[in-house]
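I have placed the structure first, in the form of structure tokens, so that the comments after it can refer back to it.
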Amino acid sequence: MTWQARDLCRCVGLALTGLWVAMAPAGAQELQINEAPYAENKALKPVIETFEAYPQVSIWEDLVIEKARIGQILAGQSLQARTGRALDDHWVLADRSAQEPLALAVGSEGPVAAVVRDAAFGGYALAGIGPRQSGIGRARLGTGIVTILFDELQCLFGLRVALDGEGDNIVMRNHPEGNLNVIFWNEAGQELANFKRFLDQGVIEVAYIQSSGSNPEIKAVTIQNLDPGGIGIDEILYAPMCPMIISGLNSGLPRG
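Counting the sequence shown from 1 gives a position; the numbering used here is that position plus 37.
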């Protein structure tokens, strides 16, 4: 993948056309996190991080942004390298057990992420840095894992993401992380929700919100992928206020 020369025509694919799966961990609480329209979450006046203030920054441990920090994994967790469909090696979670109190940690050598110019967004975007490639794998930028640890509990989260999956991305169904995997954690390090997408390509907007009327529970969000060529992340949004109702919620059932 060439980040500077990513085909801008992919930016038109904002409709959520891919298969997604929301999975609740065993013994999960009654709290539900649902997929919701990005535009409606954005209208709730959340914090929006565009990464334009951090051009060409390499993240070795963490990057401090408004009311949050961005790093690689949570303390107590570990990484493993997994090969995606494009034969690029990606970092994904191995041991998911996080230590309390939650803190960011580094599980690999070198910078864990970078803010780079990405033509898909017409500006700067966040990209996790993956493992050194073996075989014919080439991509490191975008094949890493990133975790956002919030200063206070949040109720909603969203992001724009550039995916390089092609028309035969149905093959991604055989890859456990899909071409986008978003995992939510509570303050105790327990998994609240696990969303996977398999068929998307181009730039998409996705957002998530807790069930109406609940207290904020989201302390951290992990983003990993097996997308061919890796992913770029832009315009992450988050807010601690839980609105009583938001239209267009998706209940968590798979759709084709």
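Glycine included, C-beta positions come from ideal geometry on N, C-alpha and C. In this text the structure is predicted, and so the values were computed from the model without any measurement.
Residue range of the alpha helix (DSSP H) that includes residue i
i	result
Ala76	75 to 79
Delimiting residues of the beta strand (DSSP E) encompassing residue i
i	result
Lys233	228 to 234
Val219	217 to 222
Leu116	116 to 120
Val258	255 to 261
Ala276	269 to 276
Gln69	Note, Gln69: premise wrong, no beta strand (DSSP E); not H, not E.
Ala123	Looking at the DSSP string, Ala123 is not in any beta strand (DSSP E), and its letter there is neither H nor E.
Per-residue burial, residue i [other beta carbons within 10 Å of its own, 16 or more giving buried]
i	result
Lys256	buried
Leu274	buried
Ala76	exposed
Val219	buried
Lys233	buried
Leu147	Just to set this straight, residue 147 is Gly in the shown sequence, not Leu. So Gly147 counts as exposed.
Pro213	exposed
Pro138	exposed
Val101	exposed
Glu254	buried
Gln191	buried
Alpha-carbon spacing of residue i relative to residue j, whole angstroms
i	j	result
Gln93	Gly159	14 Å
Glu224	Tyr161	30 Å
Ile96	Arg119	22 Å
Asp188	Ser171	37 Å
Val258	Glu86	14 Å
Asn231	Asp237	17 Å
Phe221	Ala131	16 Å
Ile270	Ala244	13 Å
Gln261	Glu98	17 Å
Gln66	Gln227	For Gln66, the predicted structure reports a pLDDT of 46, less than 50, and the residue's modelled location is therefore unreliable. A value from the coordinates is still provided. Gln66 and Gln227: Cα-Cα distance of roughly 10 Å.
Lys104	Arg177	28 Å
Gln247	Val129	25 Å
Leu163	Val152	5 Å
Gln114	Ala157	31 Å
Ile166	Asp155	14 Å
Thr184	Ser251	23 Å
Leu193	Lys79	10 Å
Arg122	Gly144	23 Å
Leu116	Gly266	19 Å
Pro168	Arg106	22 Å
Assumed close pair residue i, residue j - CB separation to whole angstroms, cut-off 8 Å
i	j	result
Met278	Ser249	With a Cβ gap of about 12 Å, Met278 and Ser249 do not count as contacting.
Leu186	Val198	Not quite, the Cβ-Cβ distance comes to about 19 Å (not below 8 Å), so this is no contact.
Gly108	Leu141	3 Å
Leu263	His127	5 Å
Gly239	Leu200	7 Å
Those runs of the beta strand (DSSP E) which lie wholly inside the segment 128 to 200 and span at least 3 residues: You should have 150 to 155, 160 to 165, 183 to 191, 193 to 200.
Secondary structure, beta strand (DSSP E): runs of 3+ residues fully inside the segment 83 to 111: Qualifying beta strand (DSSP E) stretches, in chain order: 84 to 86, 100 to 102, 105 to 108.
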